[in-house]
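In mature numbering (1 follows the signal peptide of the UniProt record, and there is no 0), the protein residues as written are -17 to -1, 1 to 255.
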């Protein structure tokens, strides 16, 4: 009986193995598009004169290692309120840098990129941010009372529609944790955000960035955060997100990415 059972299991294993076919899925590849990483962040307490814009080309879906940096483009940002122009110099590695940028909150700025015979443009306003009031650790805010969490508080200005992006970056981790925040129901109050993680332990260091962002960028980053998380059964169906960079020469050849300008309050916290 035991011999019969062993023989049956062996036979089933052989049959299953012999029925395995390799299926090659042909995924269509779209033409590369310009990818714009233009986040001009003015850290409180600094001049904000050094700014960098990164340009690259999109890659096939399954190619997670190749980065096609763009060189030879012309990049400039103009303050539409003062007409001052800031040219970003090509570093020949996909980075375009200026050392004389002048950030002014509530001023409108225009980005213009000329690449491969086409001109891309975007318009944004440099949004202010309140400073961070306090940063502290706890174990009683999240879903698990055994996990450490870092807490951040800041004051929301009253009678003004405000939007925020807060980033928690644990030192040693490549990917940050992002939270988009609106003051729709908390206008004029002290805001409180916490970040809980099972792996947090004493000695871990977390960098915290609090950015003031525009409503348009809030809508964009909110969808991006939703699509990058697992989301559960009621998550938003993934869709191609278009930023605010418009191809003025060939509109259908739009760019990926976003042009944003923000004031940012930064803190570094070490768990005890």
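Every residue gets a Cβ at the ideal spot worked out from N, C-alpha and C, and that includes glycine.
Considering only residues of the same chain and omitting the five flanking positions on each side of residue i, which have a CB-CB separation below 8 angstroms?
{"i": "residue 233", "result": "101"}
{"i": "residue 237", "result": "16, 225, 228, 229 and 230"}
{"i": "residue 127", "result": "179 and 181"}
{"i": "residue 314", "result": "Since the first residue shown for the chain is -17 and the last is 255, residue 314 is missing from the structure and cannot be characterised."}
{"i": "residue 104", "result": "93, 94, 95, 96, 228, 229 and 231"}
{"i": "residue 72", "result": "79, 80 and 81"}
Applying the criterion that 16 or more other CB atoms from any shown protein chain within 10 Å of the CB defines a buried residue, is residue i buried or exposed?
{"i": "residue 39", "result": "buried"}
{"i": "residue 231", "result": "exposed"}
{"i": "residue 86", "result": "buried"}
{"i": "residue 13", "result": "exposed"}
{"i": "residue 248", "result": "buried"}
{"i": "residue 163", "result": "buried"}
{"i": "residue 185", "result": "exposed"}
{"i": "residue 29", "result": "exposed"}
{"i": "residue 68", "result": "exposed"}
{"i": "residue 143", "result": "exposed"}
{"i": "residue 154", "result": "exposed"}
{"i": "residue 145", "result": "buried"}
{"i": "residue 109", "result": "buried"}
{"i": "residue 131", "result": "buried"}
{"i": "residue 261", "result": "With the chain represented from -17 up to 255, any question about residue 261 goes unanswered, as that position is not in the structure."}
Helix, strand or coil, according to DSSP, for residue i in the structure here?
{"i": "residue 224", "result": "coil"}
{"i": "residue 59", "result": "strand"}
{"i": "residue 252", "result": "strand"}
{"i": "residue 152", "result": "strand"}
{"i": "residue 200", "result": "helix"}
{"i": "residue 211", "result": "helix"}
{"i": "residue 161", "result": "strand"}
Compute the beta-carbon to beta-carbon distance between residue i and residue j, rounded to the nearest angstrom, for a pair I have assumed lies under 8 angstroms.
{"i": "residue 54", "j": "residue 77", "result": "7 angstroms"}
{"i": "residue 94", "j": "residue 147", "result": "At roughly 22 angstroms, the Cβ-Cβ gap does not stay under 8 angstroms, so residue 94 and residue 147 are not in contact."}
{"i": "residue 83", "j": "residue 32", "result": "6 angstroms"}
{"i": "residue 18", "j": "residue 41", "result": "6 angstroms"}
{"i": "residue 64", "j": "residue 91", "result": "6 angstroms"}
{"i": "residue 183", "j": "residue 241", "result": "Between residue 241 and residue 183 the Cβ distance is about 30 angstroms, and since that is not below 8 angstroms, they are no contact."}
{"i": "residue 253", "j": "residue 176", "result": "About 18 angstroms separates the two Cβ atoms, so there is no contact after all."}
{"i": "residue 196", "j": "residue 245", "result": "6 angstroms"}
{"i": "residue 243", "j": "residue 201", "result": "Rounded, the Cβ-Cβ distance is 10 angstroms, inconsistent with contact."}
Go through its chain and collect everything with a Cβ distance to residue i's Cβ below 7 angstroms, but skip five positions before and after it.
{"i": "residue 70", "result": "59 and 81"}
In chain order, what residues of the same chain lie with their CB nearer than 6 angstroms to the CB of residue i, ignoring the 5 residues before and after it?
{"i": "residue 150", "result": "159, 161 and 192"}
{"i": "residue 250", "result": "115, 118 and 191"}
{"i": "residue 152", "result": "159 and 190"}
{"i": "residue 27", "result": "248"}
{"i": "residue 167", "result": "none"}
(message) For a minimum of 3 consecutive residues, which ranges assigned as the beta strand (DSSP E) are wholly contained in the stretch 14 to 53?
(response) 17 to 26 and 34 to 40
(message) Quick check for students: name the residue ranges of the beta strand (DSSP E) that lie wholly in the stretch 71 to 146, counting only runs of 3 or more.
(response) 78 to 81, 91 to 98, 101 to 108, 115 to 121 and 132 to 138
(request) Give, in chain order, every unbroken run of the beta strand (DSSP E) that is at least 3 residues long and sits entirely within the stretch 160 to 192. (result) 160 to 165 and 173 to 179
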